[in-house]
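J.: Residue numbers (this note's numbering): 4 to 197.
All C-beta atoms, glycine included, are put in the ideal place defined by N, C-alpha and C.
Right under this line is the structure:
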């Protein structure tokens with residue numbers, strides 16, 4: 004019986020002969036033996052006695068991390084439940100939409116960035132980004148299925164988009180379901196809140 008490899012396949016007689024030839028030509032490594040150091044009783048530290056711990060100097064406790072020069076990125080927040088319910092009923096307003104079907108990742112990334120900047124400049128509050136669910140075609144791997152559907156939410160969390168986006172959620176079935184996202188647009192800085 005020939006032994007199995009890690010991948011579950013058995014070696015052919017030629018492969019087995021070649022392996023035995025390679026294994027016979029190798030020289031085993033020898034481990035160096037480490038001699039234990041002799042320790043005298045006087046070299047061992049004395050057992051600890053009950054002593055209070057030394058207090059940290061006052062200056063050490065007051066130290067703080069230096070402030071970052073980069074501005075803080077706003078965090079992403081989910082879209083309010085009431086707003087999502089209105090969208091599902093058809094009473095909510097979608098200010099603009101973009102369809103990224105059929106685009107490469109690079110094209111989709113550029114178009115999405117331009118679209119979100121345009122939406123912010125026009126004071127849009129909510130937009131629909133259609134990524135598509137992705138289809139399985141002959142010749143494509145299942146891992147590549149729905150790539151935009153997977154990467155667009157990751158892009159929206161990137162620093163370049165965080166200044167434009169308040170939050171995002173999967174769209175209602177009537178607006179594309181798993182193949183689309185509602186994206187809440189952040190107001191421009193300096194803009195008065197209603």
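(1) Quick one: what's got a C-beta closer than 7 Å to residue 109's C-beta in the same chain, skipping five residues either side?
(2) Under three-state DSSP, which class holds residue 100?
(3) Apply the 10 Å Cβ neighbour rule to residue 141 and answer buried if 16 or more other Cβ atoms are within range, or exposed otherwise.
(4) If you count every other CB in all the chains shown that lies within 10 Å of the CB of residue 25, and 16 or more means buried, which is it?
(5) Would you mind sorting residue 168 into buried or exposed? The rule is 16 or more other CB atoms within 10 Å of its CB.
(6) Please tell me whether residue 22 and residue 32 are closer than 9 Å, where the distance is taken between their beta carbons.
(7) Rank 124, 80, 36, 135 by C-alpha distance to the C-alpha of residue 101 and give the top, closest one.
(8) Going by alpha carbons, who is nearest to residue 126 out of 94, 91, 187?
T.: Checking against the coordinates, here is how it stands:
(1) none
(2) strand
(3) Residue placement at residue 141 is poorly supported in this model, since its pLDDT is 45, which falls under 50; the coordinates are not used for a value here.
(4) exposed
(5) buried
(6) no
(7) 135
(8) 187
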